[in-house]
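First to last, the sequence lines map onto chains A and B.
Just so we're aligned, residue 11 is where the first sequence starts under the working numbering, counting upward by one.
Just so we're aligned, residue 11 is where the second sequence starts under the working numbering, counting upward by one.
From the three backbone atoms N, C-alpha and C, an ideal C-beta is built for every residue, glycine too.
Right, one structure below, let's go through it.
Protein chains: 2
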Amino acid sequence: MNLKQLSRMLELSQTTVSRALNGYPEVSEETRRRVVDAAKRHGYRPNPSARRLATGKSGMIGYVLPTGAAVDIDPHFVEFLSGLGDYARGHELDLVLSPADADDQETTYRRIVANRQVDAVYVSSPRPADRRVALLAGLGLPFLVHGRSEGLDFDYPFIDIDNEGAFHEAARLLVQLGHRRIGLINGDTRETFAIHRERGVRRALTGAGLEMDARHAVSVAMTEENGYRAARQLLEGEAAPTAILCSSLIMSLGVVRAVRELGLSVPGDLSLIAHDDVFPWLKPESFPVPLSTTRSSIRAAGARVAERLAARIAGLEDGGRGEVWPVDLVVRGSIAGAK
Amino acid sequence: MNLKQLSRMLELSQTTVSRALNGYPEVSEETRRRVVDAAKRHGYRPNPSARRLATGKSGMIGYVLPTGAAVDIDPHFVEFLSGLGDYARGHELDLVLSPADADDQETTYRRIVANRQVDAVYVSSPRPADRRVALLAGLGLPFLVHGRSEGLDFDYPFIDIDNEGAFHEAARLLVQLGHRRIGLINGDTRETFAIHRERGVRRALTGAGLEMDARHAVSVAMTEENGYRAARQLLEGEAAPTAILCSSLIMSLGVVRAVRELGLSVPGDLSLIAHDDVFPWLKPESFPVPLSTTRSSIRAAGARVAERLAARIAGLEDGGRGEVWPVDLVVRGSIAGAK
DNA sequence: CGGAGCATTCAAAGCGCTTTGGCCGTCTGC
DNA sequence: GCAGACGGCCAAAGCGCTTTGAATGCTCCG
């Protein structure tokens with residue numbers, strides 16, 4: 011059932027039927043009712059390919075997925091996707107993943123713009139002065155950043171959590187508990203979120219008249235193994251920290267393993283706070299000693315990204331508005347006063 | 011730059027240019043060279059929307075993503091995606107994720123077929139007599155199943171690992187080590203992979219003249235917390251098992267926690283073997299006691315799925331061929347002879 | 001009462017590609 | 001020398017929608 015058939019059936023022109031269905035005002039209410047009714051009865055659904063060709067709109071949102079033999083997709087992605095999908099589902103919005111060479115995403119971005127494959131994209135794990143953001147702004151494809159870039163000389167839309175504030179609060183709490191040497195096991199500091207977290211910690215220390223020992227800030231990919239290695243390095247080094255802030259629950263697993271292996275204990279010998287993105291399959295309460303966390307649901311962020319992107323596509327939103335979410339600091343058994 | 015312009019520029023018809031570019035034989039080699047050359051020089055790329063409308067092919071593969079507030083996307087998905095993306099990247103194949111109500115995926119499948127959104131789809135986490143498989147076979151959309159369904163009265167293409175064989179081997183090894191009471195902490199037994207694993211274990215026990223205690227087979231969603239609970243339940247129950255097989259590394263984290271909390275040890279009091287899908291962020295070697303595993307890279311499976319799907323789309327593959335991969339049994343410190 | 005103004009509707013021209021059916025030589029075989 | 005095959009190319013008809021520009025019939029006002 012296509013437009014031509016439907017219009018013939020109704021003895022109306024394609025124009026009128028199309029307009030009636032798309033809510034244009036120059037159709038009488040009675041005609042519109044007839045058309046909408048017939049369309050429903052005959053299960054008419056406009057062919058998206060045709061509509062696409064005519065309008066250039068695809069009704070999909072895109073994501074350029076960095077891949078490569080040595081590239082690991084962040085497990086957080088799945089949770090983010092849960093949220094995104096959950097919102098998108100209600101709006102018949104599909105998500106197109108365009109795999110790209112991690113070292114050359116630009117080609118892919120250009121391709122999806124040239125091909126008009128999607129109406130908007132979102133960008134994740136941004137870095138300072140992120141080239142993708144600049145590129146997209148230049149290409150004119152609507153986009154939304156999950157996270158933030160810095161050092162760009164224009165505004166752009168993003169949604170981010172207050173990483174600096176969260177780690178500032180967490181570090182401040184540790185300082186108040188008497189800790190003087192605080193370690194940070196961070197993610198890749200080429201990414202903004204990690205920079206912000208480190209900044210937060212430094213600010214808390216400075217605020218207390220302390221200074222961060224450069225040896226106490228470690229930046230690694232967020233795996234269990236790396237968490238373990240980093241913790242051992244910190245705890246076996248000189249002036250070992252009495253408290254550690256950790257950028258992910260997964261790394262914390264490794265930290266806890268290291269602590270145990272060294273015959274130490276949490277929180278007796280080491281206070282530990284980690285950032286929790288709220289995974290269904292690994293919870294801070296389930297650590298041997300329940301883990302204190304800075305908590306923010308990455309899933310909720312996914313839903314919000316979808317929501318804003320949908321609004322953007324519908325033309326309801328246009329500005330370069332940034333949105334920063336507060337982060338909960340949840341205290342559990344893993345922290346204690348310094349000895 | 012579109013076809014019309016290019017053909018005018020070359021003083022050829024659109025027909026000829028189109029044919030030259032698409033490798034049809036009825037174009038002289040010289041003309042083809044001229045055309046291809048000019049196309050490259052002017053950066054001509056056929057408009058996919060137009061091509062789609064004309065041919066009905068989209069050059070994308072699809073996946074229906076079950077979502078919902080209570081639905082968690084499997085973290086394995088990310089690794090699978092890494093493999094899929096890695097292959098797809100080289101072929102400019104994009105992946106369309108269509109979020110669907112987890113309880114009504116049929117509507118979404120019908121939609122993507124009606125809309126001709128994708129050239130093929132893959133289906134994951136199949137169950138016995140999976141309705142999606144039957145539906146897709148009926149709708150005529152090319153598809154590939156990752157995993158297997160059972161009890162369908164027709165052949166269909168799939169790629170699966172030998173879950174039954176893997177768990178059979180693992181259980182057999184435990185039996186040979188003298189274990190008589192073997193527990194199984196499994197995933198959702200409504201899914202085929204879990205059924206196969208349980209079948210493998212049962213077969214090993216039966217083969218040794220033993221029988222599986224119904225209380226020793228637990229089926230839960232694969233989270234750390236559930237692994238913990240299941241392990242406690244098993245280890246604190248009557249006739250506690252001396253060995254446990256576990257369907258995922260994540261659940262094993264919980265098992266290890268339970269063991270420790272009960273003052274037991276691996277492998278002294280409990281031998282443990284888990285299935286390892288090979289995550290970059292959590293490795294069996296990194297467990298307090300290195301974990302013995304049945305191992306199969308889910309990432310490799312993703313790449314293979316993309317490869318077969320691409321072949322299918324290109325018309326190079328057509329049958330309902332099933333493909334079963336062997337699974338490695340990797341012995342590490344977590345197993346020992348029964349006391 | 002004539003024309004401006006409005007509400008509805010329509011025919012037809014895109015959107016940019018693929019593909020059908022044909023045309024025009026040139027070559028082959030008898 | 002001619003029918004038929006064939007290589008190479010083309011014009012035009014789709015694919016199914018949106019949108020432009022125009023037509024039609026009414027109402028309303030001066």
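At a cut-off of 8 Å, the C-beta of Y238 (chain B) has a neighbouring C-beta in chain A.
Bounds of any beta strand (DSSP E) do not take in F297 (chain B), whose DSSP letter is neither H nor E.
According to DSSP, Y73 (chain A) shares a beta bridge with A:L107.
Residue range E39 to R51 is occupied by the alpha helix (DSSP H) that includes D47 (chain B). In the DSSP annotation of this structure, the continuous segment of the alpha helix (DSSP H) that includes T202 (chain B) starts and ends at T202 to G217.
When B:E174, B:G53, B:L75 and B:L184 are compared, the shortest CA-CA separation from A124 (chain A) is found for B:G53.
Residue contact check for N125 (chain B) against chain A: a CB pair falls below 8 Å. Taking 9 Å as the cut-off between beta carbons, the residues of the stretch 223-235 of chain B near chain A are A231, M232, T233, E234 and E235, in sequence order. A contact between stretches requires three or more CB pairs, one per stretch, nearer than 8 Å, and the stretch 181-189 of chain A fails this requirement with the stretch 157-169 of chain A.
Of the candidates B:R212, B:R61, B:N196 and B:L259, B:N196 places its Cα closest to the Cα of V228 (chain B). In this structure, R305 (chain A) lies away from V334 (chain A), with their beta-carbon atoms at least 8 Å apart.
The stretch 214-270 of chain A is shown to contain whole beta strand (DSSP E) runs of 3 or more residues at 227-229 and 253-256, in chain order. The three-state secondary structure of S159 (chain A), taken from DSSP, is coil. For N57 (chain B), the three-state secondary structure derived from DSSP is coil. For a cut-off of 8 Å, the C-beta gap from Q115 (chain A) to P152 (chain A) is around 17 Å, too long to register as a contact. Here the stretch 17-27 of chain A makes no contact with the stretch 61-74 of chain A; the two share fewer than three CB pairs at distances below 8 Å.
Spanning the alpha carbons of E234 (chain B) and D287 (chain A) requires a straight line of approximately 15 Å. Secondary structure note for N125 (chain A): it is in no alpha helix (DSSP H), with a DSSP letter that is neither H nor E.
The criterion of a C-beta distance shorter than 8 Å is not satisfied by R141 (chain B) and S59 (chain A). Proximity of the stretch 313-330 of chain B to the stretch 159-176 of chain B meets the contact definition, three or more beta-carbon pairs being nearer than 8 Å.
Counting C-beta pairs closer than 8 Å gives three or more between the stretch 90-100 of chain B and the stretch 301-316 of chain B, which meets the contact rule.
I323 (chain B) and L149 (chain B) have their C-alpha atoms spaced approximately 16 Å apart.
T303 (chain A) has a beta carbon lying at 8 Å or more from every beta carbon in chain B. Between Y119 (chain B) and L103 (chain B), the CB-CB gap reaches or exceeds 8 Å. In the DSSP assignment, N173 (chain B) falls within the alpha helix (DSSP H) that extends over N173 to Q186. A distance below 8 Å separates the beta carbons of A241 (chain A) and V269 (chain A). In the DSSP annotation of this structure, E102 (chain A) is not part of any alpha helix (DSSP H), being labelled neither H nor E.
For A180 (chain B), the nearest beta carbon of chain A is not closer than 8 Å to its own beta carbon. The beta-carbon distance between S296 (chain B) and T252 (chain B), rounded to whole angstroms, is 24 Å. This is too long to meet the 8 Å contact definition. Distance check between P56 (chain A) and each of B:P294, B:R121 and B:V133 places B:R121 closest, using alpha-carbon atoms only. Around the beta-carbon of A80 (chain A), fewer than 16 other beta-carbon atoms lie within 10 Å, marking it exposed. Residues of the same chain with a CB within less than 7 Å of the CB of G247 (chain A), apart from the 5 flanking positions on each side, are R225 in chain order. Within the DSSP secondary-structure output, V88 (chain B) pairs in no beta bridge. Contact of T77 (chain A) with chain B is assigned, a C-beta pair being separated by under 8 Å. For V131 (chain A), no Cβ of chain B is located within less than 8 Å of the residue's own Cβ. Following the DSSP letters along the chain, one finds G332 (chain B) in no alpha helix (DSSP H) but inside the beta strand (DSSP E) bounded by residues G332 to W335.
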